[in-house]
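What follows is a short report on a single structure.
2 protein chains.
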Amino acid sequence: MELYFADPDNIHDSHATFDAFESQHILKTKRKKLGDLLNFTDGEGHFFEGIIVALKPALKVEYHLKEKNLSSDFKLTLAVGFIRQQRIDFFIEKGTELGIDRFYLFASNNTNYYTENTSRWQKIARQAIKQSLRYYLPSISTIISFKDLLEKSSAYNNKFIALQNSTNTMMDIIRDQSFKSGEDILFVIGPEGGFESFEIDLALKNNFIPITFGKYRLRTETAVLTAASYINLLRT
Amino acid sequence: MELYFADPDNIHDSHATFDAFESQHILKTKRKKLGDLLNFTDGEGHFFEGIIVALKPALKVEYHLKEKNLSSDFKLTLAVGFIRQQRIDFFIEKGTELGIDRFYLFASNNTNYYTENTSRWQKIARQAIKQSLRYYLPSISTIISFKDLLEKSSAYNNKFIALQNSTNTMMDIIRDQSFKSGEDILFVIGPEGGFESFEIDLALKNNFIPITFGKYRLRTETAVLTAASYINLLRT
């Protein structure tokens, strides 16, 4: 199946209009024509099936089917220290494929990079939901300080911080704990330089569970995908 | 810790010489000097500690410590259908970080790409073992046909083929099966176009266990990393 994306603001009265990027892809690359069938999502859980009814001034589809898909039984948030742009792009793409529901990018004491590029990341995430046939677009935002991240963490039932020296493994978590439907999970992965000990202390005081992904040193973006893969084990 | 790489052919009589790429990195980027301490591996399980004793004609280190590290208790091979070069580079890097011991790249009926670039991939893997502080370089080779892959598979105790429609999940495998030390695991991940039904039949006849990574469509390279993450759960 091929799945396209229409902004929810551009869907009403049984019609959706597509932006220039998506229209170009549908008409030029995929060579769709007036009257052709098209499947699309709004990234808010809906699947639509419709017919192309206009090409100009914007590609327009009249839909005859609209289905609501349930989101996964628990939400997964990854909070990740800023790293190089290219590596952020990468974990946004792969992490979206793997079903991360929310990304926070944060700065901490050992942060060496900073880039605020939400619109670029959202474009990448949009491509990734189309690819993986998901109907929910993750939210992506930046948090300036580690302290703000800890404040946000109070909304989560299950909070983990990746620390190489921890003795808790994900296998322990999988064996011992069952996440309840509706409970939210937060994973915090540090920047390349890791966390300072005062930051770790703060996290522990805020009821984070330290967790190791093994004795080898993983790059930040690799740890993100490992966390997402682990959580998917619990979802399948 | 910083870890460097010396080709095992260039290590003898308590001395190692480094190639141009590695020397440049050690001397120019890391600004190491005569008399400095250096940690390195040969990618065959050894960790060395030594002192820089010459800069020309090649960077030379005399080592005073040589330790053998055991390889992981079971070996993981990923056989992956050819995909775009950039995406192969990517899963070689990340898969090496995650402890894949052997990569096979194979062609099957729906293969649209072919590239034979072993020396490039080995360079990427070399960087990745340094990054993740691993002492074993994965082997990387290409297999021309799916049939040849099935022949090679006879050497493995545990054989899995990723199929989206399968009902076996990795969670079932983790719960039910314990891999014995010394047993080898083979995961086969198809190319972008997936497998033909005759290929799936052949795999099943060859005792492959079909396994799903969930209901969402993962890109080939994402499935590779998911498989590696899952197996790491059993290793930690």
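Sequence lines, in order, name chains Y and D. Take the first sequence: its position 164, counted from the start at 1, is 164 in our numbering, and no numbers get skipped. Take the second sequence: its position 166, counted from the start at 1, is 1166 in our numbering, and no numbers get skipped. Here a beta-carbon is modelled for each residue, glycine too, at the ideal position from N, C-alpha and C.
- Closest by C-alpha distance to S72 (chain Y), out of Y:G99, Y:F91, Y:Q86, Y:G95, is Y:G99.
- In this structure, T77 (chain Y) sits near D184 (chain Y), with a CB-CB distance shorter than 8 Å.
- Excluding residues up to 5 positions away in sequence, T1096, I1100, D1101, R1102, F1103, A1125 lie with their Cβ nearer than 7 Å to the Cβ of P1138 (chain D) in the same chain.
- The residue from Y:L234, Y:I92, Y:N109 with its alpha-carbon nearest to that of S119 (chain Y) is Y:I92.
- For the pair A1107 (chain D) and F1090 (chain D), the CB atoms are not nearer than the 8 Å cut-off.
- Taking every protein chain shown into account, the CB of I26 (chain Y) has 16 or more other CB atoms within 10 angstroms, so this residue is buried.
- With fewer than three CB-CB distances shorter than 8 Å, the segment 1058-1066 of chain D does not count as touching the segment 1168-1178 of chain D.
- Under the criterion of beta carbons closer than 8 Å, I140 (chain Y) and Q122 (chain Y) qualify as touching, at roughly 6 Å.
- Taking L1218 (chain D) as reference, the option from Y:F18, Y:D36, Y:R134 with the minimal CA-CA separation is Y:R134.
- With fewer than 16 neighbouring CB atoms inside 10 Å of its own CB, A1020 (chain D) falls in the exposed class.
- L233 (chain Y) has its alpha-carbon roughly 12 Å from the corresponding atom of K1215 (chain D).
- When Cβ-Cβ separations below 8 Å define contact, L1133 (chain D) makes contact with chain Y.
- The bridge partners DSSP lists for K66 (chain Y) are Y:F48.
- Across the set Y:D9, Y:I129, Y:L105, Y:G45, the C-alpha of Y:L105 shows the shortest separation from the C-alpha of K147 (chain Y).
- A check of alpha carbon separations from T1226 (chain D) across D:T1169, D:A1203, D:I1209, D:N1206 identifies D:T1169 as the nearest.
- For K94 (chain Y), a Cβ of chain D is located within less than 8 Å of the residue's own Cβ.
- Using a Cβ-Cβ cut-off of 8 Å, N110 (chain Y) does not count as an interface residue toward chain D, since no Cβ of chain D sits closer than that to its own.
- Counting along the chain, no alpha helix (DSSP H) covers R102 (chain Y); the unbroken beta strand (DSSP E) around it starts and ends at 102-106.
- Beta-bridge pairing by DSSP links A1162 (chain D) to D:I1211.
- With a threshold of 8 Å between beta carbons, S229 (chain Y) makes contact with chain D.
- For L38 (chain Y), the pairing in a beta bridge is given by DSSP as Y:G50.
- Closer than 8 Å to the CB of G45 (chain Y) there is not a single CB belonging to chain D.
- Taken in chain order, the whole alpha helix (DSSP H) runs of length 4 or more contained in the segment 1120-1161 of chain D are 1146-1153.
- Proximity of T1220 (chain D) to chain Y, defined by a Cβ-Cβ separation below 8 Å, is not satisfied.
- For N1158 (chain D), no chain Y residue has a Cβ inside 7 Å of its Cβ, as the nearest lies near 18 Å away.
- Rounded to the nearest angstrom, the gap between the Cα atoms of A1006 (chain D) and L1034 (chain D) is 17 Å.
- Those residues of the segment 1206-1219 of chain D placed with their C-beta closer than 9 Å to a C-beta in chain Y are T1212, F1213, G1214, K1215, Y1216, R1217, L1218, R1219, ordered along the chain.
- For the 8 Å CB-CB criterion, A223 (chain Y) and F208 (chain Y) do not form a contact.
- Contact note: T1115 (chain D) does not reach chain Y at a C-beta cutoff of 7 Å; the least C-beta distance is about 20 Å.
- Between L233 (chain Y) and chain D, the shortest Cβ-Cβ separation is below 8 Å.
- Within the same chain, E97 come within 6 Å of S132 (chain Y) by CB-CB distance, once the 5 residues on both sides are set aside.
- Taken atom to atom, the span from the alpha-carbon of D1172 (chain D) to that of G1190 (chain D) is near 21 Å.
- Taking a 10 Å sphere around the C-beta of Y1136 (chain D), we find 16 or more other C-beta atoms and assign the residue as buried.
- Around the beta carbon of K1094 (chain D), 16 or more other beta carbons lie within 10 angstroms, which makes this residue buried.
- A distance below 8 Å separates the beta carbons of A1162 (chain D) and F1187 (chain D).
- Rounded to whole angstroms, the Cβ separation of S166 (chain Y) and P210 (chain Y) is 4 Å, and the two are in contact under 8 Å.
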